Amino acid sequence: MTTNVPFLNTPYGGYLHNQVPPEDDELTHVGPGTPGGEWLRRFWHPVAVAEDLKNLPIAIRILDEELVLFRDGSGKIGLLELHCSHRGTSLEFGQIQKKGIRCCYHAWLYDIDGKILDTPGEPADSTLKDRLYHGAYPTLEYEGLVFAYMGPPDKRPVFPVYDSYHIKPDLPIAVETRYVQHSWPANWLQIRENALDISHFYFLHSMPGNGLGEGDAAVAADEMYSTLGSYDAAKHVEEYLDTPIGLACIDSRRVGDKVWVLITEYVPPTFNQIPEIEGDMKNRYAYNRAPWLRWWTVPIDDTNTMHIGYWYARAKDGEVQREAGFGLTAERPYEVRQQVPGDYDAQVSQRPIEVHALEHLANTDQGIIMLRNMVRRGIRAVQQNEDPEGVSFQDNGTISTYCHDRVLDAAPAPTPKEDQELLRTLGRQVMDEYVANLA
Amino acid sequence: VSTPTRTNVPFLNMPYGGYFHNDVPQEDTELTHVGPGTPGGEWFRRFWQPVIIADELKDLPVAIRILGEDLVVFRDGSGRIGLLELHCSHRGTSLEFAQIEEHGIRCCYHAWLYNVDGRILETPGEPTDSTLKDRLCHGAYPTKEYKGLLFAYMGPLEKQPPFPLFDTYDMPGYIEAPGVNYVWACNWLQVRENAMDPAHFLFLHAIEGNEGFTEDFQQIGEIDFMETPVGMVYIDTRRMGDLVWVRVTDYIAPNIHQGCDLGEDIAARDGNRPTVTRWAVPIDDTNTMQIGYWRAREEGKIPSAVGFGQMPDRPYEERQRVPGDADAQVAQRPIAVHALEHLATSDRGVITLRNMTKQSIKAVKENQSPLKGADHRENEPISTYSQERVFRIPPAATPEEDTLLLRNTGRGVVEASIKKSSER
Chain R
324 MTTNVPFLNT PYGGYLHNQV PPEDDELTHV GPGTPGGEWL RRFWHPVAVA EDLKNLPIAI
384 RILDEELVLF RDGSGKIGLL ELHCSHRGTS LEFGQIQKKG IRCCYHAWLY DIDGKILDTP
444 GEPADSTLKD RLYHGAYPTL EYEGLVFAYM GPPDKRPVFP VYDSYHIKPD LPIAVETRYV
504 QHSWPANWLQ IRENALDISH FYFLHSMPGN GLGEGDAAVA ADEMYSTLGS YDAAKHVEEY
564 LDTPIGLACI DSRRVGDKVW VLITEYVPPT FNQIPEIEGD MKNRYAYNRA PWLRWWTVPI
624 DDTNTMHIGY WYARAKDGEV QREAGFGLTA ERPYEVRQQV PGDYDAQVSQ RPIEVHALEH
684 LANTDQGIIM LRNMVRRGIR AVQQNEDPEG VSFQDNGTIS TYCHDRVLDA APAPTPKEDQ
744 ELLRTLGRQV MDEYVANLA
Chain A
8 VSTPTRTNVP FLNMPYGGYF HNDVPQEDTE LTHVGPGTPG GEWFRRFWQP VIIADELKDL
68 PVAIRILGED LVVFRDGSGR IGLLELHCSH RGTSLEFAQI EEHGIRCCYH AWLYNVDGRI
128 LETPGEPTDS TLKDRLCHGA YPTKEYKGLL FAYMGPLEKQ PPFPLFDTYD MPGYIEAPGV
188 NYVWACNWLQ VRENAMDPAH FLFLHAIEGN EGFTEDFQQI GEIDFMETPV GMVYIDTRRM
248 GDLVWVRVTD YIAPNIHQGC DLGEDIAARD GNRPTVTRWA VPIDDTNTMQ IGYWRAREEG
308 KIPSAVGFGQ MPDRPYEERQ RVPGDADAQV AQRPIAVHAL EHLATSDRGV ITLRNMTKQS
368 IKAVKENQSP LKGADHRENE PISTYSQERV FRIPPAATPE EDTLLLRNTG RGVVEASIKK
428 SSER
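Chains as they are written, first to last, in this note's numbering: chain R, 324 to 762; chain A, 8 to 431.
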């Protein structure tokens with residue numbers, strides 16, 4: 324648990340506040356045997372884009388384990404411990420075979436499930452290969468991504484198929500399915516928290532030059548704030564609530580005579596869906612179901628995280644980009660990032676692992692608090708030998724999700740306070756109707 | 008709180024004895040560590056320290072690290088300077104990505120606005136009746152902009168000393184400006200010790216190709232050390248025919264060096280005062296920034312770059328052939344391990360500096376004021392001792408007598424200066 328530092332209440336008080344306490348390791352550490360790591364190991368995680376598996380193996384690190392991923396000559400995908408069971412040579416230098424992968428050093432041959440098929444340097448009557456297995460994890464290729472399960476075999480849940488996988492967008496502005504994939508040098512939790520932090524749209528993404536805000540985008544259709552902080556609280560309401568599969572945020576925005584209700588969601592352990600937020604109001608339909616972004620924050624280790632998933636992109640010429648938008652990498656020049664910071668800059672700079680004991684969570688952080696509580700519940704359930712929320716051992720078919728957005732005709736109420744109440748009511752109605760339709 | 012852990016290793020006295028000497032003991036943590044709560048760090052936090060050259064503060068905030076703390080420094084739209092904790096009090100985003108405002112700085116993530124003193128002026132995402140901003144302050148440190156450098160005080164506010172004004176500032180006949188600052192990847196103490204080690208001139212700086220040092224420095228002078236009210240000096244007195252040349256260099260607690268420049272005729276040196284006042288500011292335990300003022304007698308004579316061997320950016324082979332100060336000092340290890348040293352006659356100055364520092368650290372640890380360098384009064388110039396004097400004194404009858412004469416002449420210069428300053 325974390326140490327609390329003093330609530331600083333004097334000007335020029337830096338000296339009273341100059342020790343940095345440790346991070347909350349229960350929530351943030353992901354390695355084998357850690358509470359958070361054991362919880363994460365009860366779920367399927369995407370680990371690679373399947374089209375990247377060509378004729379060479381790929382060294383990857385997931386949940387602080389070094390692994391090798393490859394597709395063998397018969398088309399099967401293997402996810403094995405990186406280092407050969409013989410004398411540790413990395414299998415990123417292994418030779419892919421018709422069946423399995425052969426270490427380059429002494430040619431031990433491994434099947435995709437870890438079975439040792441051949442140890443050619445051993446005597447013909449050696450039984451070593453029949454008695455020993457190399458570490459392997461089950462994988463599943465689905466809609467272009469490779470998923471892995473890295474937990475105890477007897478706790479392997481059914482692979483979850485969300486209804487949104489099969490809904491194509493009908494907006495003229497978003498037509499092409501692409502993969503998102505990029506890695507950030509920060510802990511997974513703070514990156515996932517950002518998805519339950521709608522208010523940052525109104526600050527970070529309201530800054531002129533922030534690509535998410537170009538056109539009418541991120542903030543509200545025709546509503547760009549002139550500078551950071553010129554935010555008008557009366558023009559939006561956000562509410563966070565539990566869903567049967569996780570958490571959702573209802574974000575209701577006043578845009579002239581219309582109200583735009585966006586519902587984003589989080590599904591444990593790291594999945595997030597966001598409706599289309601680009602484009603202006605005149606190009607939006609009254610009801611949009613297809614999530615713009617469906618992505619996971621997969622922990623590489625305690626201080627590195629891979630964003631991976633799908634997004635619908637505007638059709639553009641040229642190469643397929645795996646960045647889903649502005650400010651998602653450190654590639655821009657430092658000065659430019661300082662002038663117009665993006666998500667990468669805001670979240671990575673929270674420290675490699677954000678120190679909760681130094682934070683002051685406030686009204687805008689209700690979603691963060693609910694998310695942390697949900698994660699902690701899951702971690703503690705696993706610690707107590709229970710199954711965490713969000714895993715199922717029975718195939719109940721496609722899983723309903725809640726992400727969507729609607730544009731409603733609703734003239735502003737007479738006063739800002741009444742209008743906020745109206746926004747809140749309309750937001751709740753949108754969610755209630757959606758849930759009723761599911762039933 | 009760390010304690011000194013000086014493990015003594017055997018004094019090795021056999022050939023091929025490496026195996027008996029292969030443990031590297033820990034550094035002297037009390038003298039060398041600078042982070043919050045360490046004895047050395049708390050001592051350092053009782054002094055004003057320069058942290059950046061003021062004209063580096065333009066329209067973007069600058070992330071810096073001082074005494075092991077991550078900070079952001081900026082000049083707001085109204086010209087005031089803020090030195091704040093780097094990470095936002097809300098959810099930790101670095102304020103190097105914050106937006107500078109007319110008054111204060113605004114975090115990019117949720118737009119909390121901080122004043123230069125750490126007060127929170129706005130939290131626009133919070134309800135209008137929220138009192139959070141009235142109850143909470145962000146960590147901040149007092150600063151002072153002086154003659155082109157920005158200084159900070161990072162200690163307890165009730166212990167804040169007056170801003171120190173040395174008598175070498177604004178001297179008639181001199182112009183001065185902030186010098187180029189540069190960072191070495193080693194502990195501050197070994198960098199500062201070099202200033203009290205005149206012997207290295209005769210060796211390191213006498214290597215052919217080591218530029219910037221005149222031949223005058225390649226003969227052995229009579230070297231002596233004295234404590235002063237603000238620190239200590241070394242006195243280097245040389246016989247040059249009928250002339251006696253006395254060169255005095257200051258160490259001023261906690262980490263300041265003042266010395267006279269290296270390149271004029273002997274006769275013209277009489278009355279010189281230091282051309283450099285330089286701090287070795289700890290960035291953290293293993294990184295040190297040298298920053299300070301440079302002075303010259305004439306306009307245009309202030310150097311525009313650091314001298315030979317001060318930057319570790321020459322090609323490695325060239326540095327091996329002709330090492331400079333950066334190479335010699337950084338190579339003492341990231342933190343020099345005192346328990347492995349064999350201090351010798353040439354190291355009297357280093358020993359005195361360490362003892363002085365150790366006693367002052369101990370005083371702060373025992374809730375007293377630092378022993379030197381922090382007892383000055385507001386707006387009163389602080390006497391310092393670095394200078395050059397040249398006297399016409401014919402050699403004494405024997406070499407032994409002349410050595411004594413040189414030593415007495417040198418000490419006399421410093422004694423007279425100390426007497427003069429105590430009368431003031």
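Heads up, the beta-carbon is just placed ideally off N, CA and C, and yes, glycines get one too. These figures come from a predicted structure and were not determined experimentally.
Practice prompt. Hey, could you find the ends of the alpha helix (DSSP H) residue 428/A is sitting in?
Written response: Counting along the chain, the alpha helix (DSSP H) containing residue 428/A begins and ends at 406-430.
Worksheet item: When the cut-off is 8 Å and only beta carbons count, does residue 8/A lie next to chain R?
Response: Only weak support is given to the placement of residue 8/A: the predicted model assigns it a pLDDT of 44, under 50, and the question is left unresolved by the model.
Practice prompt. Identify the continuous beta strand (DSSP E) that holds residue 470/R and give its terminal residues.
Written response: In the DSSP assignment, residue 470/R falls within the beta strand (DSSP E) that extends over 468-472.
Practice prompt. For residue 286/A, write down the residues that DSSP places opposite it in a beta bridge.
Written response: Residue pairing by DSSP places residue 286/A opposite 263/A and 298/A in a beta bridge.
Discussion item. Between residue 720/R and chain A, is any beta-carbon pair separated by less than 8 Å?
Written reply: No, its Cβ sits nowhere closer than 8 Å to a Cβ of chain A.
Worksheet item: Shortest alpha-carbon distance to residue 382/A belongs to which of 172/A, 31/A and 155/A?
Response: Nearest of 172/A, 31/A and 155/A to residue 382/A, Cα basis: 172/A.
Discussion item. Do residue 582/R and residue 733/R have their beta-carbon atoms positioned less than 8 Å apart in this structure?
Written reply: Contact flag set, yes.
Worksheet entry | Contact list for the region 339-354 of chain R against chain A, Cβ threshold 9 Å | Answer in chain order: 339, 340, 341, 342 and 343.
Worksheet item: In the DSSP assignment, what residue or residues form a beta bridge with residue 572/R?
Response: Bridge partners of residue 572/R: 563/R and 587/R.
Discussion item. Using the Cβ count rule (16 or more neighbours within 10 Å means buried), how would you classify residue 489/R?
Written reply: Per the 10 Å Cβ criterion, exposed.
Item to complete: With a 10 Å radius around its C-beta and 16 neighbouring C-beta atoms as the bar for buried, classify residue 337/R as buried or exposed.
Response: Residue 337/R should be labelled buried.
Discussion item. Rounded to the nearest angstrom, what separates residue 545/R and residue 113/A at their Cα positions?
Written reply: At residue 545/R, the pLDDT of 39 sits below 50, so the modelled position is not reliable; the number obtained from the coordinates is stated separately. If you take the alpha carbons of residue 545/R and residue 113/A, they lie about 24 Å apart.
Item to complete: Over the uninterrupted beta strand (DSSP E) stretch that includes residue 630/R, give me the two end residues.
Response: Where residue 630/R is concerned, the enclosing beta strand (DSSP E) stretches over 627-636.
Item to complete: Output, in chain order, the set of chain R residues within a Cβ distance shorter than 8 Å of residue 142/A.
Response: Against residue 142/A, the close residues of chain R are 330 and 332, in the order they occur along the chain (beta-carbon pairs closer than 8 Å).
Fill in: Local conformation of residue 502/R per DSSP, three classes
Note: residue 502/R maps to strand in three-state DSSP.
Worksheet item: On the three-state DSSP scale, how would you describe residue 337/R?
Response: Residue 337/R: helix per DSSP, three-state reduction.
Discussion item. Quick check on residue 659/R - is its C-beta less than 8 Å from some C-beta in chain A?
Written reply: Residue-level contact check: residue 659/R does not touch chain A, since none of the beta carbons of chain A fall below 8 Å from its beta carbon.
Worksheet entry | Range covered by the beta strand (DSSP E) that runs through residue 183/A | Following the DSSP letters along the chain, one finds residue 183/A inside the beta strand (DSSP E) bounded by residues 182-185.
Worksheet item: In chain order, what residues of the same chain lie with their CB nearer than 8 Å to the CB of residue 85/A, ignoring the 5 residues before and after it?
Response: Closer than 8 Å at the Cβ level, and outside the excluded window around residue 85/A, lie 109 and 110.
Worksheet item: Comparing alpha-carbon positions, which option in 502/R, 612/R, 406/R and 409/R lies nearest residue 725/R?
Response: Residue 725/R has its Cα closest to that of 612/R, out of 502/R, 612/R, 406/R and 409/R.
Item to complete: Assign residue 692/R to buried or exposed, taking buried as 16 or more other Cβ atoms, counted over all protein chains shown, within 10 Å of its Cβ.
Response: Under this definition residue 692/R is an exposed residue.
Discussion item. Can you pull out the residues from the region 672-698 of chain R whose beta carbon lies closer than 8 Å to at least one beta carbon of chain A?
Written reply: Here the close residues are 672, 673, 674, 677, 678, 681, 682, 683, 684, 685, 686, 687, 688 and 691.
Worksheet item: Can the beta-carbon of residue 379/R be found closer than 8 Å to that of residue 390/R?
Response: No, Cβ-Cβ distance for residue 379/R and residue 390/R is not below 8 Å.
Worksheet item: According to the Cβ coordinates, are residue 96/A and residue 145/A closer than 8 Å?
Response: The Cβ atoms of residue 96/A and residue 145/A sit closer than 8 Å to each other.
Item to complete: Can you give me, in chain order, the residues of the region 115-143 of chain A that have a beta carbon less than 8 Å from any beta carbon in chain R?
Response: For the region 115-143 of chain A, the set of positions with a beta-carbon nearer than 8 Å to some beta-carbon of chain R reads 115, 116, 117, 118, 120, 122, 124, 125, 126, 129, 130, 131, 132, 133, 134, 135, 137, 139, 142 and 143 in chain order.
Discussion item. For residue 682/R and residue 116/A, what's the separation of their Cα atoms in angstroms?
Written reply: Cα to Cα, the separation comes out at about 14 Å.
Worksheet item: Comparing the C-beta of residue 523/R with each C-beta of chain A, is any distance below 8 Å?
Response: With 8 Å as the cut-off, residue 523/R counts as an interface residue toward chain A.
Item to complete: Can you have a look at residue 565/R and say buried or exposed, based on whether 16 or more other CB atoms are within 10 angstroms of its CB?
Response: Answer is exposed; the Cβ neighbour count stays below 16.
Discussion item. For a quick check, are the C-beta atoms of residue 378/A and residue 367/A less than 8 Å apart?
Written reply: Contact: yes.
Worksheet item: How about residue 645/R and residue 632/R: do their beta carbons lie closer than 8 Å?
Response: Cβ atoms of residue 645/R and residue 632/R: not closer than 8 Å.
Worksheet item: What residues from the region 90-102 of chain A come within 9 Å of chain R, judged by C-beta to C-beta, listed N to C?
Response: Answer set for the region 90-102 of chain A: 90, 91, 92, 93, 94, 95, 96, 97, 98, 99, 100, 101 and 102.
Worksheet item: So is residue 393/R buried or exposed if we call it buried at 16+ other beta carbons inside 10 Å?
Response: Label assigned to residue 393/R: buried.
Worksheet item: So, do the region 17-29 of chain A and the region 314-329 of chain A have three or more beta carbon pairs nearer to each other than 8 Å?
Response: Result no; under three Cβ-Cβ pairs closer than 8 Å.
Discussion item. Counting C-beta neighbours from all protein chains within 10 Å, is the total for residue 659/R 16 or more, i.e. buried, or is it exposed?
Written reply: By the neighbour-count rule (16 or more Cβ atoms within 10 Å), residue 659/R is not buried but exposed.
Worksheet entry | Reduced DSSP secondary structure (H/G/I, E/B, other) of residue 207/A | Secondary structure at residue 207/A: helix, using DSSP grouped into helix, strand and coil.
Item to complete: Answer with yes or no whether the minimum CB distance from residue 664/R to chain A is below 8 Å.
Response: So, interface residue.
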